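Residue numbers (the working numbering): 41 to 392. Cβ atoms here follow ideal geometry from the backbone N, Cα and C, with glycine treated the same way. The structure displayed is predicted, hence computed values, not measured ones.
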Ligand code: IPM
Ligand code: MG
């Protein structure tokens, strides 16, 4: 098949991991007889430096024309002063909004070989296999913001429509898995959460009565994720809770560098990015873990290009390399660790 893919490397370790993801996609095209055209564009801090805008018009145009977008990471100390007028993260939020990718799927898969990289006891990790569905284009991230010398505010708003469409995505996923959905909110305190809960309860009773629905407050969910992670199948939650809980959940997999994500809307076009940030502390060292981005490339093949066999091939390649013992520094037991490039080459070899 022919596909146009925009690559947005971004900042910090973003370019390193984006290069890894792109080379895996190129290898897949070569091995499976597809023709992928890549358009590389700026986003984030580097885009601010080049154009003054964290999401330049050229980048938007390329993404909109594309079948899928692969993103590295945005942000860094250079652009993060508390009084900065324009921030790299604004580019990412604007992109998610512009592409209307409201459903952010964050699968948490455990490789048994990496159990020692997780701070949790191996017994607790057994059988962990969940997807967190994070609402991505609403909530406190996008509400009106005010700031004066002595006070500040961030407005959190959700509509029935926004809750219904994300819960439907999560329920459909659960129906194809273990049939369990956990909705996470803070309904004992927040009005948006009370709307979230009543809309979810009603929709699930009406449309998905065969799915087992559990409801947790976000503070309890943060604890249950560590005490009984294997119980979760699909978790659905609002934007900020999903951001926080998935960084927590990444430690089940051993490292923030392991988790991929797919952001989907109502068309086939999706945005694919690892859940980690730009990691300024290791930027430019060539040691970032590319697993989250390579696994995101697999999700791109599956969800935007409907190439499930190719997606499975990429996932199997990552698994084989991990099983073979190669480790980047974040998941290594010993001082001897692979570079981003070495790990990526090993994945590419598996694919040939
Ligand atoms: C993520 C990141 C972003 C978010 C930042 C970089 C704006 O933490 O994708 O999880 O908060 O959504
Ligand atoms: Mg995050």
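- [ ] Would you check whether the ligand MG has a heavy atom nearer than 7 Å to the C-beta of residue 287?
- [x] yes
TODO: Indicate, with yes or no, if the ligand IPM has a heavy atom lying under 7 Å from the CB of residue 141.
DONE: It does not: the Cβ of residue 141 is nowhere closer than 7 Å to a heavy atom of the ligand IPM.
Task: Spatial distance of residue 375 from residue 298 (CA atoms) - done: 19 Å
Task: Host beta strand (DSSP E) of residue 170 (start-end) - done: 169 to 175
TODO: Verify the contact flag: residue 206, CB atom, against every heavy atom of the ligand IPM, threshold strictly below 7 Å.
DONE: no
Task: Where residue 142 falls: helix, strand or coil (DSSP) - done: coil
TODO: Tell whether a beta-carbon distance below 8 Å holds between residue 210 and residue 274.
DONE: yes
Open item on the list: Could you check whether the Cβ of residue 89 sits closer than 7 Å to any heavy atom belonging to the ligand IPM?
Closed with: no
TODO: Using beta-carbon positions only, say whether residue 45 and residue 353 come within less than 8 Å of one another.
DONE: Cβ distance not < 8 Å, so residue 45 and residue 353 don't count as in contact.
TODO: Measure the CB-CB distance between residue 50 and residue 319 and report whether it falls below 8 Å.
DONE: Residue 50 is not a Cβ neighbour of residue 319, given a cutoff of 8 Å.
Task: Cβ neighbours of residue 244 in the same chain (closer than 6 Å, five flanking residues each side left out) - done: 253
Open item on the list: Let me make sure I understand the geometry here. Which of 339, 291 and 106 has the alpha-carbon closest to that of residue 316?
Closed with: 291
Open item on the list: Going by C-alpha to C-alpha distance, which of 308, 391, 327 and 385 sits closest to residue 349?
Closed with: 391
TODO: Measure how close the beta-carbons of residue 108 and residue 340 come, nearest whole angstrom, since I'm counting them as under 8 Å.
DONE: The C-beta distance from residue 108 to residue 340 rounds to 5 Å, short enough to meet the 8 Å contact threshold.
TODO: Compute the beta-carbon to beta-carbon distance between residue 95 and residue 83, rounded to the nearest angstrom, for a pair I have assumed lies under 8 Å.
DONE: 6 Å
Open item on the list: By the DSSP assignment, the alpha helix (DSSP H) with residue 310 in it spans what residues?
Closed with: Not the alpha helix (DSSP H): residue 310 falls in the beta strand (DSSP E), residues 310 to 312.
Open item on the list: Given 7 Å as the limit, tell me if residue 273 has its C-beta closer than that to any heavy atom belonging to the ligand MG.
Closed with: Checking the Cβ of residue 273 against the ligand MG gives no.
Task: beta-carbon residue 175 near the ligand IPM non-hydrogen atom, thresh 7 Å - done: no
Task: Three-state secondary structure (DSSP) of residue 391 - done: coil
- [ ] Please go through the stretch 63 to 101 and give each complete beta strand (DSSP E) segment of 3 or more residues, from N-terminal end onward.
- [x] Complete beta strand (DSSP E) runs here, min 3: 75 to 80.
TODO: Report the three-state DSSP secondary structure of residue 254 (helix, strand or coil).
DONE: strand
Open item on the list: Does residue 194 come out as helix, strand or coil in the three-state DSSP assignment?
Closed with: strand
TODO: Count the CB pairs spanning the stretch 325 to 337 and the stretch 55 to 62 that are closer than 8 Å, and state whether there are at least three.
DONE: Three or more beta-carbon pairs separated by less than 8 Å link the stretch 325 to 337 to the stretch 55 to 62, which places the two stretches in contact.
Task: DSSP three-state assignment for residue 305, whether helix, strand or coil - done: coil
Open item on the list: Given the structure, does residue 315 come close to the ligand MG, in the sense that its CB is under 7 Å from one of the ligand's heavy atoms?
Closed with: yes
TODO: For residue 72, I'd like the list of residues in its chain whose CB is within less than 7 Å of its CB, leaving aside the five on either flank, ordered along the chain.
DONE: 350
Open item on the list: Taking 8 Å as the threshold (C-beta atoms), are residue 359 and residue 338 in contact?
Closed with: no
Open item on the list: Would you say the beta carbon of residue 132 is closer than 7 Å to some non-hydrogen atom of the ligand IPM?
Closed with: yes
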